[in-house]
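The opening residue of the sequence shown carries number 0 in numbering that gives the first Met the number 0; numbering runs sequentially from there.
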Amino acid sequence: MIISGGVNVYPKEIEDVLSMHPQIADVAVIGVPHPDWGESVLAMVVLRQGETLAPEAIRDFCRGKLADYKIPRLVEIVDTLPRNASGKILKHVLRAGWGGLAGH
């Protein structure tokens, strides 16, 4: 669970919506530190081969499907998501490797 501005946000709900996008192959949603809100919602997205998609287009896709506070404030396009031997996404690795709000 992500707590952003005192509101509980469940990553699975956001991941389910983003997984419906035809250009998105894989997604993980995590909370990252934010100085004012406690945590900010970050979506790490793997696109289908040969596809291009701007982060703002991904946010736009969420509008009308998620409450405004659940729409990822940050979207990063990545090549792969780290997984363990059973295929589960290693979200702690994503959090540890995320560079912070600089440049966002």
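Note that beta-carbon positions come from the ideal geometry of N, C-alpha and C, so glycine has one too.
Answer yes or no: do residue i and residue j have a C-beta to C-beta separation smaller than 9 Å?
i   : j   : result
I1  : V40 : yes
R58 : V74 : yes
E14 : K69 : no
L80 : D25 : yes
L17 : F60 : yes
P71 : V6  : no
E50 : Q22 : yes
Check the DSSP bridge columns for residue i and list the partner residues they point to.
i   : result
I2  : N7
V74 : A42
R82 : I88
Among the options, whose alpha-carbon lies nearest the alpha-carbon of residue i?
i   : options           : result
W97 : M43, S3, Q48      : M43
H33 : P10, H20, G4      : G4
A95 : N83, S85, V31, V8 : V31
H20 : A53, N83, R82     : A53
D78 : Y9, G37, Q48      : Q48
If you pair each beta-carbon of the segment 82-91 with each one of the segment 52-70, do three or more pairs fall below 8 Å? Verdict: no, contact absent.
Unbroken beta strand (DSSP E) runs of length 3 or more, entirely within the segment 6-65: which are they? As far as the segment 6-65 is concerned, its whole beta strand (DSSP E) runs of at least 3 residues are 6-8, 23-33, 37-46.
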